[in-house]
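**Q** Before anything else, here's the structure in question.
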Amino acid sequence: MIRTLLALDGALVLGALSFVLAAEDDIRVVAEVDRGDAVSAAVRAQRPDVMVADLDFVEGVDPGRLGLCPVLVLAHPHRARRLRGLLCPTRAVGILRSDAGPQRVIDGIRRLARREPVLDADLVVAALRSDGPLTSRETEVLRLTAAGAPVAEVAVSLGLTRGTVRNHLGRIARKVGARTRVEAVRMAGEAGWI
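Just so we're aligned, residue 1 is where the sequence shown starts under the working numbering, counting upward by one.
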């Protein structure tokens, strides 16, 4: 029996996956967690064989706090760059897209329980890419904008005109597929570009 802990954001997704896994003879869900700050305690209490978790719930968590439990990380393609820190040969981590089908997740749980690799090739390639679509200047502009600096302050900090800063912000938004500056900051942050 593969003791499985689910650490996923959203009650609907969590409940649906738990329901699907309940139909499997060799998998038992031992805990469901819908908050990242509750993951470590659930792992210590339940000692699962495999954990299925959202990237946000395990990113930056000290591996020692997760025990030796293999983790099947579900990540959105826009967040693939953030997977880089999880790609470690000493840690049993599987990586799938967050929109992977139920059977793919079930197979991933079984493979991780046997300590076999589970990887979505496109996500791994995206995680290992060394650069994003932004130039170094665009990255500087967006970092200052993300820190709350208005256009005038960004311009002074970087020795640019206000118009040039606005042009950079417009190009950044187009490159990342955002409609607003706030959305561009969010998307670039999630992708690990700033």
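In this text, a Cβ means the ideal position worked out from N, Cα and C, and glycines have one as well.
With DSSP as the reference, please indicate the residues paired to D99 in a beta bridge.
**A** DSSP output for D99 lists no bridge partner at all.
**Q** Can you tell me whether L72 is buried or exposed, with buried defined as 16 or more other CB within 10 angstroms of its CB?
**A** buried
**Q** Grouping DSSP H, G and I as helix and E and B as strand, with all else coil, what is R115?
**A** R115 falls in the coil class under three-state DSSP.
**Q** With a threshold of 7 Å on Cβ separation, who are the neighbours of A80 within its own chain once the five nearest residues in sequence on each side are excluded?
**A** L123, A126, A127
**Q** Does the distance from the CB of D37 to the CB of L14 come in under 9 Å?
**A** no
**Q** Using only alpha-carbon positions, find the residue among G10, L21, T164, A178 that is nearest to R110.
**A** For R110, the nearest C-alpha among the options comes from L21.
**Q** Give me the residue from I172, T180, P48 with the minimum Cα distance to W193.
**A** I172
**Q** Helix or strand or just coil, what does DSSP make of I109?
**A** helix
**Q** When the Cα atoms are used, what is the spatial distance from D120 to L83?
**A** Answer to the nearest angstrom: the Cα atoms are 12 Å apart.
**Q** In its own chain, which residues sit with a C-beta less than 7 Å from the C-beta of V50, not counting the 5 before and 5 after it?
**A** Same-chain partners within the cutoff: I2, T4, C69, P70, L72, I109, L112, A113.
**Q** Can you pull the DSSP bridge partners for I172?
**A** The partner list for I172 (beta bridge, DSSP) is empty, contrary to what the question assumes.
**Q** Would you mind stating whether E32 and L8 have Cβ atoms separated by less than 9 Å?
**A** Yes.
**Q** Under a Cβ-count criterion, where at least 16 other Cβ atoms within 10 Å of its own Cβ denotes burial, should P48 be classed as buried or exposed?
**A** By the Cβ neighbour-count rule, P48 is buried, with 16 or more other Cβ atoms within 10 Å of its own.
**Q** Hey, A92 and R115 are a contact pair by Cβ (cut 8 Å); roughly how many whole angstroms apart?
**A** 6 Å
**Q** Is the beta carbon of P117 sitting closer than 9 Å to the one on G101?
**A** For P117 and G101, no; Cβs fall outside 9 Å.
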